[in-house]
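Undergrad: Structure provided below as C-alpha cells; questions to follow.
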Amino acid sequence: MSPIPTKFPTFLAHLTAAAALLFASACTKRETAVESGNRTQTLHVGNQSEPPDLDPHTNNSHVVSLIHDALFEGLVRLAADGTTILPGVAERWDISADGRTYTFHLRANATWSNGDPVTADDFLAAFRRFLEPKLGCEGANTVFSLLNARDFLEGRVKDFAAVGIKAPDPRTVVFTLGFRAPYFLSVLADAHLRPLHQPSLDKFNGRTTRGGKWTEPGQLISNGPFVLTEWKPNAVLVVTKNPRYWDAARVRLNAIRYYPVEDAAVEERMFRAGQLHATFSLPQAKIDAYASQRAPELRATPVLRTNFVTFSTQRPPFNDVRVRRAFALALDRERLAATTLKGRGDAAFSYVRPGVGGYSFPPFHRHDAAEAKKLLAEAGFPGGAGFPALDYTVGSRNQDDLLVAQALQQMWQQTLGVKVGIASVEFKVWLDLLRTKTFALTADTWSMGINDPVDMLALGVTGDPNNDAGWSHAPYDAAYAAIAASSDEPARRAAIAECERLIADQVPYVPVFFSVQNHLVHSSVVGWQDSAVHRIDWTAISLKP
Amino acid sequence: MLRFISSRLLQSLFALYLVITATFFMVRFVPGGPFTAEKAVTPEILRNLEAHYGLNKPLWQQYLDYLGSLCRGDLGPSFKYPNRTVNEIIADKVPVSAELGAISLAVALTLGISLGTLAAVRRNTWIDYVASSFGMIGISIPTFVVGPLLVLGLAIYAGWFNASGWYGPADRVLPSLVLGIAYAAPISRLTRGGLLEILNQDFIRTARAKGASEFRVVSRHALRGGLLPVVSWLGPAVAGILTGSFVIETIFQIPGIGREFVNSAFNRDYTLVLGTVILYAVLIMALNLAVDIAQAWMNPKVRLEA
C-alpha cells in the first residue's frame, strides 16, 4: 500500500496540542465557585431535585420547602434546632387556656418585597386558597386540626366563614381549633402556611388555579429574608437578600444558589471540585472515607423518618398476628445497624422516633429468636414448614435499600426457616401495589410532616389513605381518637402511649431503623445547623473567606 | 423526487399517529399516576386534583381532547411542573441538548472518520490496531464510566473544569468529549469497513493508474462511497444525539431534554412523556428521510423510485 501523506496525523497532533495549551492557560488557577462565593457571601447548595413549582400550597416536595424557608415567612418560624418556635410575621401570640384558640399579633413593619404591608388578610386569603377544593392541595391535611377545615376542603361546608380562622383587624389573626393540638405552632411554621401576595395572585387568576406564572422570577412577591431572582429549570435557582425584610440586618448571605443535583455521586464530585458549599446527601459508599479523612465536613443528623416493614394484614399468612410478631422478633436490628446500615440509620425499637414532639417511648420487639420460632410454630408453620412462598417488595430507588432488604431476608431465613424472595419494583409501581394492597410484606418508610406522633400514628387508623397495612383494630382507632379528644397533656400522653403499645402488640408495622441524613458542609460555612426536621435557617449562615 | 418525498411524508405522518396513539394508551396503563405520591392524599383531594387536569373524563374523551389540542400545536400542561407547559419545557431544553449534540457530533465525526480512514489506509499496521482498539474500547466502555473518570482527572485533580454544570464555554468540553468519543467509536469502525470495501474496487485502481495522489484517491474517490454505511447509521444516531443523553445530562448536570425524556416516564407526567416521544419520533422520521436523500446523492446506484 502506498504511503499516505502525513497531513492527517500532523494536523491532529497540532489540533491536540493547541487544545491542550488552550485548556492549560485558560483553566489553571481558576477560582472555584466556593472561593468566589466566600468573597461575595454567595452560598452554593445542592438541593437534590428540580422544584416542581414555587407555589407553597401545591408543593409536596421537600426541596421546595427548603427554598420557601428563604423566600417566605409565616406567622412563626422554626429556629435552626428544628423545634424552637420563633416569632415571624407575628411578633407575639396568646393561646387560650383550653388550647383551642390562638391569637396572633402581627408586627407593623412586616412588608412584601414590593413594599406593600403584610396584613392579616394576606394570611386569611392564603388559608382560603390552601383549603380551596378545586386546587386539591396535597398537604392540606396538616391543618385539619383547624375548626371545619376538613369539611370545607371536602365540600361538606360551603362557607369559608365557618372555618376557624378570622382576621378581626389588619394586624390580628385568630385561629379556632376543632380539637386541642399542641403541635399547632409547628404546623404554622410549616412551609405550606406562608402568606401570599394577593394582587400578584389575582394578576394570574391564581386563587383557584394551579400553575400560574406568579411564581416566576420577576413576578413572585415574597415576604421572607430573600427574593427570587433567577430560575433556570434543572440548572440553578437563585435567591438574593431582600432589603425590605423587616429583620434584614440579621441576614448575612447576599445570595443562595440552589442546584438540583439528583445523583448523589455527582453532587459529591461537585463538592470535591469546589462547586458546592453543601451537598443534599452523600452516597453510603462515601461515608467511611469522609469519616476518616475529612470528618469536619461530614454531617450526620438523625431525622424524623422511620423505615419499617408493612404487612398486608388482611391476607394470609399475615392476617395472623402471631406470624407478624414472629417476623418482628426475628430481626436483629442492632446487627443490621452495625453491619449493613453503617451510619445511614439507627436501630428502631419504637414506631415513632423517641423525642418526636417531646414524647418518649419504651423499646419493643427486641431480638428474640426463641420466641419468634415458638410463635411461628403456634401459627402452624413449625420451623417454617408449609410457609407460603412470598416476596418482600422493595420500591427501591437505590442500592442501599436493597442491601437492607437482603439482610432482613437472611434474618428471616436463619431464624424462622422461611424463604422470602425480594421483588424490586419501580417506585410508582410500588406505590400502586401499596394503594391496592397487592403485596405480602414490603419495605416502607414515613417522613413526618408534623413534629408530633399523631402524624405517623394516623397510619394505623382504619381507612386512613396511608394505612398501607390495611389494618383495622377498634381499640387502636379509639386510642387515636382519644389523642385529639384529650383535654390536657397527661391524657394526651397516655393516649399516644396506648397507640404505640397497640402497634407493638398487634404488629401491623415493624419498625426497622430511623434514618440518619448524611451530607457535606464546607469548612468555610459558619452557622449551618442541621435538625431532625431537615429544615435550614438560612439567615443564621455566613461564609468566612 | 417530489413524488418520493411527498409519499414518504404521508407515510411518516401515519406512523407518527400510530406512535402517539400507542404511547397515549401505554402510559395510561402503567400502574401509578402523576399524583401517586409517597404520602397518599384523601380520596376527596385526589378527585379534585384529577378533575383539575381533566383526568376524570373517560379515556377516549381525553384521547380526543389531546389529539384536538395537538392539532393546534398545544402539547398540554405538565403534571409534574404545574407552572410550565410541555411546549415551554421542550423549547427550553431542546436547544441545550442540540448544542451539546452538535458539538459532540463534530467531535465524533472528526475523530471517527479520521481514525477510520487511517485504519483502512494503513490496514494491518500498528496504526490500524490502535485505531481499531479505540473503536472497540469506545464501544464497550459506557459513558457513565468514561464521564466520571474524566471528571476525576481533569476537574477534581487538575482543577481545569467544573465537575458538572452548564454555565460557560469551558463546561461544554468534558460532556462533548465523552459523548463525542462514544459516537466516534462506531463511526471509526464503520468508516474503516466501508472504505476497505471501496479501496479494492476497480475505479480506485483506475484513479491510481491515472496518477492521482493517494490523498486525492482517498479523499475524493473512496470516501464518498466509503462513508455510505456511516451516513445510514447517522440518521437515527443524530436524532439520538440531538435529543440528548440521559446519562451524560445526569453526570454533568446539563439541563437538556434527555433527562426530561426519561424522568417524565418515572413521574408519569403523561403529557411530557407524549411531548418528548413526539419530538423524538418527528426527528427520527425527518432524519431518515434526509439520509435517504443523501444516500441517493452519494451513491448513484440507489434509485429514489425504487
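Chains as they are written, first to last, in numbering that gives the first Met the number 0: chain A, 0 to 544; chain B, 0 to 305.
For each residue, glycine too, the CB sits at the ideal point set by N, CA and C.
#1: Use the C-beta contact count for ASP201 of chain A: other C-beta atoms within 10 angstroms, 16 or more gives buried, fewer gives exposed.
#2: Please tell me whether THR182 of chain B has its Cβ less than 8 Å away from any Cβ of chain A.
#3: I'd like to know whether the C-beta atoms of ALA457 of chain A and VAL302 of chain A end up nearer to each other than 8 Å.
#4: Can you name the residues of chain B whose CB is closer than 8 Å to the CB of ALA190 of chain A?
#5: Once DSSP output is grouped into helix, strand and coil, what is the label at LYS307 of chain B?
#6: With a threshold of 8 Å between beta carbons, is VAL393 of chain A in contact with chain B?
#7: Given this structure, state the Cα-to-Cα distance separating ALA539 of chain A from ARG155 of chain A, to the nearest angstrom.
#8: How would you write the range of the alpha helix (DSSP H) that TRP213 of chain A sits in, first residue to last?
#9: Apart from the five residues just before and just after VAL216 of chain B, which ones in its own chain have a Cβ nearer than 8 Å to its Cβ?
#10: TRP165 of chain B by DSSP, collapsed to three states: which one?
#11: Would you call MET269 of chain A buried or exposed, if buried means 16 or more other Cβ atoms sit within 10 Å of its Cβ?
#12: Would you tell me roughly how many angstroms separate the C-alpha atoms of MET0 of chain A and GLY179 of chain B, rounded to the nearest one?
#13: From THR312 of chain A to ALA289 of chain B, what distance separates their C-alpha atoms?
#14: Just how far apart, CA to CA, sit TYR182 of chain A and THR102 of chain A?
#15: Less than 8 Å between the beta carbons of GLY223 of chain A and THR31 of chain A, yes or no?
#16: Which residues of chain B have a Cβ atom closer than 9 Å to the Cβ of VAL428 of chain A, listed in chain order?
#17: Could one say the Cβ of TRP125 of chain B lies closer than 8 Å to chain A's Cβ atoms, at least one of them?
#18: Hey, would you say LEU187 of chain A sits closer than 8 Å to GLY357 of chain A, going by beta carbons?
#19: Ends of the alpha helix (DSSP H) at THR270 of chain B?
#20: Note down, in chain order, each residue of its chain lying with its Cβ closer than 7 Å to the Cβ of ASP331 of chain A, except the 5 sequence neighbours on either side.
#21: Checking contacts by CB at 8 Å: is PRO81 of chain B closer than that to chain A?
#22: Hey, how far is the Cα of PHE159 of chain A from the Cα of PRO489 of chain A?
#23: Could you give the DSSP three-state label for LEU303 of chain A: helix, strand or coil?
#24: Return the first residue and the last residue of the alpha helix (DSSP H) that ALA388 of chain A is part of.
#25: Residues of chain A with CB closer than 9 Å to the CB of HIS51 of chain B, please, in chain order.
#26: Ends of the alpha helix (DSSP H) at HIS518 of chain A?
#27: Measuring only between beta-carbons, confirm whether GLY158 of chain B sits less than 8 Å from chain A.
#28: In chain order, what residues of the stretch 235-264 of chain A put their CB closer than 9 Å to some CB of chain B?
#29: Identify, in the order they occur along the chain, each residue of the same chain with its Cβ nearer than 7 Å to the Cβ of ALA139 of chain A, setting aside the five sequence neighbours on each side.
#30: Taking 8 Å as the CB-CB limit, is LYS38 of chain B close to chain A?
#31: Do ASN47 of chain B and PRO132 of chain A have their beta-carbon atoms positioned less than 8 Å apart in this structure?
#32: Name the DSSP bridge partner or partners of HIS43 of chain A?
#33: What does the Cβ neighbour count give for MET284 of chain B, buried or exposed, with the cut at 16 atoms within 10 Å?
#34: According to a CB-to-CB cut-off of less than 9 Å, which residues of the stretch 147-160 of chain A neighbour chain B?
#35: Any beta carbon of chain B sitting closer than 8 Å to that of PRO232 of chain A?
#36: Using a threshold of 8 Å, state whether the C-beta atoms of ALA39 of chain B and PRO464 of chain A are closer than that.
TA: With the given structure in hand:
#1: With fewer than 16 other Cβ atoms inside 10 Å of its own Cβ, ASP201 of chain A counts as exposed.
#2: The question names Thr, but residue 182 of chain B in the sequence shown is Tyr. No, its Cβ sits nowhere closer than 8 Å to a Cβ of chain A.
#3: no
#4: Those within 8 Å of ALA190 of chain A in chain B number zero; the least Cβ separation is about 14 Å.
#5: In the structure as shown, chain B begins at 0 and stops at 305. Residue 307 of chain B is therefore absent and cannot be evaluated.
#6: no
#7: 44 Å
#8: Per DSSP, TRP213 of chain A belongs to no alpha helix (DSSP H) and is neither H nor E.
#9: ILE203, ALA206 and ARG207
#10: coil
#11: buried
#12: Reliability of the predicted coordinates at MET0 of chain A is poor, the pLDDT of 37 falling under 50, and the value obtained from them is presented with this limitation in mind. Each residue's alpha carbon lies about 31 Å from the other.
#13: 60 Å
#14: Taking the CA atoms as reference points, TYR182 of chain A sits about 15 Å from THR102 of chain A.
#15: no
#16: VAL428 of chain A reaches chain B at VAL29, PRO30 and GLY31, counting residues in chain order whose Cβ is nearer than 9 Å.
#17: no
#18: It is not a contact, given that the beta carbons lie outside the stated cut-off.
#19: Residues 269-297.
#20: HIS366 and MET410
#21: yes
#22: Distance between the alpha carbons of PHE159 of chain A and PRO489 of chain A is about 34 Å.
#23: strand
#24: No residue range can be given for ALA388 of chain A, since it is assigned to no alpha helix (DSSP H) and is classified by DSSP as neither H nor E.
#25: LYS133, LEU134, GLY135, THR208 and ARG209
#26: Not the alpha helix (DSSP H): HIS518 of chain A falls in the beta strand (DSSP E), residues 508-519.
#27: yes
#28: VAL235, TYR258, PRO259, VAL260, GLU261, ASP262 and ALA264
#29: Taken in chain order, the residues that qualify are PHE129, LEU130 and LEU152.
#30: yes
#31: yes
#32: Note: HIS43 of chain A is bridge-paired with A:ARG256 in the DSSP secondary-structure output.
#33: buried
#34: ARG149, LEU152, GLU153 and GLY154
#35: True, the Cβ-Cβ gap to chain B drops below 8 Å.
#36: yes
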